[in-house]
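To start, the structure itself, in structure tokens.
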Amino acid sequence: MTLKLRSAAVSDRGLVRSGNQDSVHAGPWLIAVADGMGGMAAGDLASKITIEAIAGLDVPTPDDALVIALQGAVEVASARIREAVEEDPGRQGMGTTLTALLFSDTGTCAALAHIGDSRAYLLRGDTFTQVTRDDTFVQMLVDEGVITAEQASSHPRRAVVTQALQGETVNAAYRTVEPLAGDRWLLCSDGLTNVVRSDTLVEVITSYPDRSSCAKRLVDLALRAGGPDNITVVVADVVADDTPPEP
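Throughout, my numbering is defined as the position within the sequence shown, counted from one, plus 319.
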């Protein structure tokens with residue numbers, strides 16, 4: 320049985336920000352979220368550059384080429400951000416997160432690339448797992464046992480990232496996952512996870528079979544919580560090949 324990826328995305332500027340610095344891609348082989356930083360114009364540009372660099376991977380790709388493809392796209396994005404800063408020194412300090420999932424042509428493998436504090440979650444059966452690790456100051460404190468994960472969620476420095484795509488060499492995280500029919504992926508910017516509790520994420524992800532409705536509901540909950548940041552959500556299902564794509 321061949322497996323396919325079916326996805327839906329929603330992005331909203333929120334209720335406080337004047338514009339949306341997030342960028343998103345949701346295709347048949349690739350889903351990705353980038354959350355820009357470093358000022359409105361520059362943050363918007365950094366995330367756009369990164370999604371444009373990685374969007375070219377949304378094609379059938381062999382299992383053994385997934386990670387290499389993602390690594391190459393990250394390098395291209397970083398180089399283009401560096402060029403953009405060189406063109407306009409006022410963009411110095413701009414950057415973006417990136418969380419991307421690339422599905423193979425056979426449906427037997429998927430690869431994840433991650434840098435920053437956007438997140439990827441996987442619902443498999445009854446188990447909902449955060450697959451990525453935040454590149455943040457508070458996550459470092461959690462790892463060192465200085466604070467708990469619950470304390471990190473309200474820490475005053477929770478928005479401080481320790482890694483982002485800013486035109487320099489980065490140590491992005493890569494991993495592969497064997498897909499199973501019925502898997503549901505959630506990729507999102509921190510505009511969702513900073514204001515919507517994980518138990519609420521689980522409730523919505525498990526109770527909204529329709530991907531578009533699920534993504535819209537998650538964004539709506541972030542808005543109801545004040546929408547202090549841009550909010551971007553991708554919901555993707557792993558389905559059998561004989562399942563017809565939705566319009």
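Even glycine gets a Cβ: it sits at the ideal position worked out from N, Cα and C.
These numbers were taken from a predicted model, which means no experiment stands behind them.
Check: Where does V320 fall in DSSP's three states?
Finding: A small correction: the amino acid at residue 320 is Met; Val does not occupy that position in the sequence shown. Three-state DSSP puts M320 in coil, outside helix and strand.
Of the listed residues P381, G346, D377 and T321, nearest to V329 (C-alpha basis): Of the residues P381, G346, D377 and T321, the one whose Cα lies closest to the Cα of V329 is G346.
Taking all protein chains shown into account, decide if A398 is buried (16 or more other Cβ within 10 angstroms of its Cβ) or exposed.
With fewer than 16 Cβ atoms within 10 Å of its Cβ, A398 is classed as exposed.
Based on the DSSP output, what are the partners of I550 in its beta bridges? Looking at the DSSP assignment, I550 forms a beta bridge with D331.
Practice prompt. Compute the Euclidean distance between the alpha carbons of L505 and L441, then round it to the nearest angstrom.
Written response: Between L505 and L441, the C-alpha separation is close to 6 Å.
Quick check: G333 and G501, are their CB atoms within less than 8 Å of each other? Result no, Cβ atoms of G333 and G501 do not sit closer than 8 Å.
- For I466, does the three-state DSSP call read helix, strand or coil? Assigned with DSSP and collapsed to three states, I466 falls in coil, not helix or strand.
Note to self: Taking 8 Å as the cut-off, does the stretch 451 to 458 touch the stretch 476 to 496 (at least 3 CB pairs, one atom from each stretch)?
What the structure shows: Between the stretch 476 to 496 and the stretch 451 to 458, the count of Cβ pairs shorter than 8 Å is three or higher; the stretches touch.
Check: With 16 as the cutoff for other CB atoms within 10 Å, does M320 come out buried or exposed?
Finding: M320 is exposed by the Cβ-count criterion.
To which residues does DSSP link D407 through a beta bridge? According to DSSP, which records beta bridges pairwise, D407 is partnered with nothing at all.
Problem set entry | Cα-Cα separation, N339 to V554 | So the alpha carbons of these two residues sit roughly 19 Å apart.
ask   = Cα separation between T562 and V465?
value = Confidence at T562 is low in this model, with a pLDDT of 48, below 50, so its placement is unreliable and the value that follows should be read with caution. The alpha-carbon atoms of T562 and V465 are separated by roughly 48 Å.
Handout entry: Three-state class that DSSP yields for R543 in the structure shown
Key = Here R543 sits in helix by DSSP.
**Request:** Tell whether a beta-carbon distance below 8 Å holds between T415 and G355.
**Result:** Yes; because the gap between Cβ atoms is below 8 Å, this pair is in contact.
In terms of residue numbering, what span does the beta strand (DSSP E) encompassing T495 cover? According to the DSSP assignment, T495 belongs to the beta strand (DSSP E) that extends over A492 to V496.
>> Using CA atoms only, rank isn't needed, just tell me which of R494, T519 and A361 is closest to E405.
In response: Considering only alpha carbons, the answer is A361.
Cβ-based neighbour list, V378, same chain, cut-off 8 Å, excluding 5 preceding and 5 following: If we look at V378 and ignore the five residues flanking it on each side, its Cβ neighbours are W348.
- In whole angstroms, what is the alpha-carbon distance linking R438 and A471? Answer to the nearest angstrom: the Cα atoms are 15 Å apart.
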